[in-house]
C-alpha cells in the first residue's frame with residue numbers, strides 16, 4: 009500500500025497528539041537523527057533484530073536462537089521463547105505459547121538436576 013511507510017533502523021521516541029495520534033518522533037539508530045513524522049496511525053513491528061548477542065548459543069544467519077522441540081538452546085539450561093528464536097510465525101499468540109512451553113521445559117530441566 010503506497011500510504012504505508014516503513015521506518016527502519018529507528019527507535020520510537022514518542023507518539024504525540026491531543027485527542028488522536030498526530031505525529032511520532034523517531035531516532036535513527038545508525039545516524040542518530042531525530043525526525044518528526046506526521047501520522048494518523050502507528051503500527052509497531054518488533055522482532056526484526058533478535059538482541060541475542062549476549063547469549064552464547066547456536067544461532068541462525070540472522071542471529072535468532074536455534075531451539076529444539078522443547079525450546080532448549082545448544083547451551084544446557086538455557087531456553088528461548090518468542091521473537092528471539094528461529095520460528096516461522098512472529099505473533100504475540102505464538103510468543104505466549106512459547107512462554108508456556110519454556111516454563112514446563114525449564115521446570116522439567118530443573119527437576120532433573122541432582
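In this note's numbering, the protein residues as written are 9 to 122.
Every residue, glycine too, gets a C-beta built ideally from N, C-alpha and C.
Margin query: I'd like to know whether the C-beta atoms of residue 88 and residue 50 end up nearer to each other than 9 Å.
Written below: no
Can you tell me whether residue 30 is helix, strand or coil according to DSSP? coil
Q. Taking the continuous beta strand (DSSP E) assigned at residue 13, which residues delimit it?
A. Careful: residue 13 lies outside any beta strand (DSSP E) and carries neither H nor E.
**OP:** Please name the residue in 72, 69, 47, 52 whose C-alpha comes closest to that of residue 28.
**Re:** 47
Cα-Cα, which of 24, 61, 68 is closest to residue 33? 24
Notebook entry, point to check: Along the chain, where does the beta strand (DSSP E) that runs through residue 42 open and close?
Noted result: 42-46
Sort out for me which residues DSSP pairs residue 67 with in a bridge. 73
Q) For residue 57 versus residue 71, is the C-beta spacing smaller than 9 Å? A) yes
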